[in-house]
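One structure is given here, and the rest of the page talks about it.
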Amino acid sequence: MRELVSLRNCERVLLVLLAQRALSGAWSQFRRLGVRGVYKSFVGAIMRGAQAAVPGVSGIVEAEKTKALAGLEKDLLGDGDADALVAMPAKGLPAKEVELKVTTLRGKEASKSAGEKRWGGIYHEQESELTGLQARVWAACNCTNALYPGVFPSLRKFEAELVSMVLGIVHGHEVGAAGLLSSGGTESVLLAALAYREQGRLRGIARPQIIASLSAHPAILKACHYFGMDLIKVAPDPNTFTLRADLVRPHLTSSTVAIYPSAPSFSHGVVDPIEELGALATEKGIGLHVDNCLGGFLLSFLQKEGLFTKPWDFAVPGVTSISIDVHKYGCSSKGASVVAFRDASLRALTYVPSSEGCEGLYVTPTLQGSRSGAVIAAAWATVVNVGDDGYRHIARDLHGAHLRLKREVAAMKGIRLCVDADLAQVPICGDDGVDVYALATLMEKRGWGVFTGQKPPTLTIPVGEQTPKHLDAMIEDLRSSLDFLLANPDTKPEGNAAVYGAAAAIPDELLDDILRGYVDVLMKVKPA
Ligand SMILES: Cc1ncc(COP(=O)(O)O)c(C=O)c1O
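Structure follows, in structure tokens:
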């Protein structure tokens, strides 16, 4: 009995110690993460402590992780691939055979995305005259390398002109902005963050900080991780999901080098209030990077058409850089984004010249060394082919589809718009206990590609160039899925949606481990 009592006491002491450790710094976390975030990190800290201190706990946690990863592996790799290539063929396969393998595999995917209801991050029509042009330009430039502008002067011209055309749509020419062509939104964000880190270091800041909303794309998390900076994540306004200046202000420190709003955010399609953030950045003498990766092109042309009226780009004093993806609403093939700097001297901070090495004098414009000229030429051809009139047309069409979808959702009982999104996305939240993850599953079963997000649980419908022609069918399926769910409230989410549902209660540390394991699964060759 005494043993039992002292054991209980030990447990109590252990828990108190763990709780103390978990609670230290909890207030600053609370300000940043809100109740749910603190709860998760509290449970996470308890779990870490318990894993170390209580025999058997780490085994249970490991078993849960293994189970989750086995499920992910089953989803992605099934029972294995009868045609898996672990090593290269001893004798090269004939071209026809290789091509057949590619077209067969792509054909299977195409039937999965029947009727273009799931477009997986491709925002433009996939079978069009434009994509035909892209393929031909791609073929013409397949064997080129932008690392050698002397050998391929056409690529230098395409790249410089493409950047200049993109600067033009964000009021860059009016302020003398300068840009770089990167491989995508993430690289553009990395380059901007690198510039601010260098600027901070020049000002004597050892470990610069960037302030972003919880709704910011993880590209900025990667950037801070890679470049040794701290990312301060601030909970956005709970009603508008925007990063207001008064929410940012309490987090500013002498190490803050930039604020990072989105125009719009991927999760909610809302444009942060750039003007007030620009005023704050100017007051503090720090950078303001506008993540326009998703909205790139669409927002500019909505503005030109008078369909979005708030200033958000270089027209706003205080905006010091913008990332604009050409490969989203700019309609190019994947691999093209522009990062624009108000001031060319900020751009120059990203350069890494090498003059000492055996290779000789070496410098490249971005993170990459060799780059395919095919991506560059195809992106240039896209913008030249679509032109101002074409992008205006796309913007008008998408705006109409976006408005109609929002209207229809707002009228449906059981769901509501999480927020009145400005463009690109329609984020849907559940009312009266309706589980939007289950709704997402039902939509997926009807063949629709939708996104799911968290904080709050969200089902997001992306609006792309394909949307207008599918809109009636999509609305019909959303309505019937919802009717089914209301009649069968026990319907459980499956697949991705189920993962999100479960994730809401799992500590971040454990989720991060599962995400790491997910990458390992992606890289796996699994023979049947
Ligand atoms: C707002 C935002 N920023 C950055 C990115 C990253 O872009 P990418 O996937 O091209 O690297 C995305 C991608 O969807 C995005 O929506």
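Each residue of the sequence shown is one higher than the one before, counting from 286 in the numbering used here. Yeah, the Cβ is synthetic: ideal placement off N, Cα and C, and Gly gets one too. It should be emphasised that the depicted structure is a prediction, and the values quoted were computed from it without experimental measurement.
| query | result |
| --- | --- |
| Specify the secondary structure class of Y511 as computed by DSSP and reduced to three states. | helix |
| Is the beta carbon of V448 closer than 7 Å to that of G464? | yes |
| Under DSSP, the beta strand (DSSP E) around Y545 begins and ends at which residues? | 541-545 |
| Using the beta-carbon count (16 or more within 10 Å), is D557 buried or exposed? | buried |
| Residues in its own chain within less than 7 Å of E472 by CB, not counting five upstream and five downstream? | S622, T651, L652 |
| Please state if the CB of V748 and the CB of A680 are separated by a distance shorter than 7 Å. | no |
| Kindly examine ligand 1 and report whether one of its heavy atoms sits closer than 6 Å to the Cβ of D557. | no |
| Quick one: does the C-beta of A664 sit closer than 6 Å to a heavy atom of ligand 1? | no |
| Below 8 Å on the Cβ atoms is my guess for Q710 versus G554; work out the distance and round it to an integer in Å. | 3 Å |
| Tell me which residues share the same chain as A508 and place their Cβ nearer than 7 Å to its Cβ, disregarding the 5 neighbours each side in the sequence. | V474, L475, A478 |
| Write down the C-beta distance between S547 and S585 rounded to the nearest angstrom, noting that I regard them as a contact closer than 8 Å. | Not quite, the Cβ-Cβ distance comes to about 15 Å (not below 8 Å), so this is no contact. |
| L573 and A530 - do their beta-carbons sit closer together than 7 Å? | no |
| Are three or more beta carbon pairs between the stretch 491-505 and the stretch 666-677 nearer than 8 Å? | no |
| Can you tell me where the beta strand (DSSP E) with N577 in it begins and where it stops? | 572-577 |
| Excluding the 5 residues preceding and the 5 following E590 in the sequence, name in chain order all residues of the same chain whose CB lies nearer than 8 Å to its CB. | R677, A680, R681, H684 |
| Counting only the same chain and skipping the five closest in sequence on each side, list residues whose C-beta sits under 8 Å from that of A813. | D364, G365, D366, A367, A369 |
| Can you find a heavy atom of ligand 1 that lies under 6 Å from the Cβ of R426? | The residue you asked about is not Arg; residue 426 is Cys in the sequence shown. Checking every heavy atom of ligand 1 against the Cβ of C426, none is found closer than 6 Å. |
| Sorry if obvious, but does the Cβ on S585 come closer than 6 Å to a heavy atom of ligand 1? | no |
| Give the C-beta separation of G485 and V542 to the nearest angstrom, bearing in mind that I take them to be a contact with Cβ-Cβ under 8 Å. | 4 Å |
| In chain order, what residues of the same chain lie with their CB nearer than 8 Å to the CB of S539, ignoring the 5 residues before and after it? | I490 |
| So, do the stretch 432-448 and the stretch 628-646 have three or more beta carbon pairs nearer to each other than 8 Å? | no |
| Alpha carbon to alpha carbon, what distance is there between K619 and D673? | 21 Å |
| Would you call the stretch 449-460 and the stretch 695-713 touching, i.e. three or more CB-CB distances under 8 Å? | no |
| Cβ-heavy atom distance between T471 and ligand 1 below 6 Å? | yes |
| Check whether the stretch 759-776 touches the stretch 404-421, taking contact to mean three or more Cβ pairs, one atom from each stretch, closer than 8 Å. | no |
| Work out the CA separation of L440 and D793 for me, nearest whole Å. | 44 Å |
| Helix, strand or coil for S765 per DSSP? | helix |
| For C578, is the classification buried or exposed, using 16 other Cβ atoms within 10 angstroms of its Cβ as the cut-off for buried? | buried |
| Measuring alpha carbon to alpha carbon, tell me which of P549, G675, G699, I713 ends up nearest K691. | I713 |
| What number of angstroms, rounded off, separates the C-alpha of T525 from the C-alpha of S343? | 41 Å |
| Measure the alpha-carbon distance for L318 versus G581 and round it to whole angstroms. | Reliability of the predicted coordinates at L318 is poor, the pLDDT of 40 falling under 50, and the value obtained from them is presented with this limitation in mind. Approximately 28 Å between the Cα atoms of the pair. |
| Taking DSSP as the reference, what is the three-state secondary structure of Q751? | coil |
| From K613 to P753, what distance separates their C-alpha atoms? | 17 Å |
| With which residues is C643 paired in a DSSP beta bridge? | According to DSSP, C643 bridges with nothing at all. |
| Which word fits K518, buried or exposed, when buried means at least 16 other C-beta atoms lie within 10 angstroms of its C-beta? | buried |
| Which runs of the alpha helix (DSSP H) fall wholly inside the stretch 643-685 and span at least 4 residues, in chain order? | none |
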